[in-house]
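A short worksheet on the structure shown next.
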Amino acid sequence: MRINSFSDVSLRLLMVLGSTPEDELATTRELAEAVGTPYNHVSKAVLKLRQMGLVEAIRGRSGGVRISPEGRRATVGGVLRVLDDHSDVAECQTNMGACPLIHDCGLRGVLNHAREAFYSSLDSVTIYGLAGKTQEGPVSVTLSTVRPA
Ligand code: SF4
Numbered sequence: 692m693r694i695n696s697f698s699d700v701s702l703r704l705l706m707v708l709g710s711t712p713e714d715e716l717a718t719t720r721e722l723a724e725a726v727g728t729p730y731n732h733v734s735k736a737v738l739k740l741r742q743m744g745l746v747e748a749i750r751g752r753s754g755g756v757r758i759s760p761e762g763r764r765a766t767v768g769g770v771l772r773v774l775d776d777h778s779d780v781a782e783c784q785t786n787m788g789a790c791p792l793i794h795d796c797g798l799r800g801v802l803n804h805a806r807e808a809f810y811s812s813l814d815s816v817t818i819y820g821l822a823g824k825t826q827e828g829p830v831s832v833t834l835s836t837v838r839p840a
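Whatever position you read off the sequence shown (first residue = 1), add 691 for the working numbering.
The following block contains the structure:
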């Protein structure tokens with residue numbers, strides 16, 4: 692199971708903001724550096740997280756963003772359900788077009804069911820405070836260092 696780059700960056704941002712003291716604001720540029728991702732990608736992710744109510748933006752000269760109370764309660768599973776692209780786990784394409792088994796394939800449904808189980812296993816894992824902690828629980832998630840295209 693693999694999460695997309697946008698979800699990955701968004702989770703990284705929430706982890707960084709979750710480990711930042713409550714009275715400190717971070718600029719998008721600082722966040723871009725902290726998560727090792729280009730400014731433009733981080734800017735889009737911050738906007739989406741604001742729309743989801745997970746971060747708050749404070750305007751002004753010394754403004755910046757911080758995690759919101761809702762963001763402190765957000766779970767990995769909850770965020771992935773919104774941000775992941777939900778494409779089928781298997782592409783079901785061959786060099787000659789659609790897989791010939793596609794009309795009578797039980798595997799496809801089972802794989803998609805497994806993806807739902809993956810999200811469910813992360814529904815109880817809050818992102819807040821995950822940075823720097825050893826992953827616990829049945830599913831190990833490795834955050835990619837690949838930058839989004
Ligand atoms: S066997 Fe099933 S899951 Fe695999 S590519 Fe074909 S249709 Fe998709």
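Cβ atoms here follow ideal geometry from the backbone N, Cα and C, with glycine treated the same way.
Every value quoted in this text rests on a predicted model; they were computed, and no experiment measured them.
Sorting L704, L821, N695, G751 by C-alpha distance to the C-alpha of Y730 places L704 at the top.
Assigned with DSSP and collapsed to three states, R693 falls in coil, not helix or strand. Between S701 and G768 a beta carbon distance of about 13 Å is seen, past the 8 Å cut, so the two are scored as non-contacting. Among the bridge pairs identified by DSSP, T766 is matched with T817. Across the structure, T718 and H794 are spaced so that their CA atoms are roughly 50 Å apart.
Spatial neighbours of R799 in its own chain (CB-CB distance under 7 Å, excluding positions within 5 residues in sequence) are listed in chain order as D779, A781, C783.
Excluding sequence positions up to five before and after G709, its CB lies within less than 8 Å of the CB of I758, G762, R763, I818, Y819, G820, L821, A822, all in the same chain and listed in chain order. A residue is called buried when at least 16 other Cβ atoms come within 10 angstroms of its Cβ; D699 meets this threshold and is buried.
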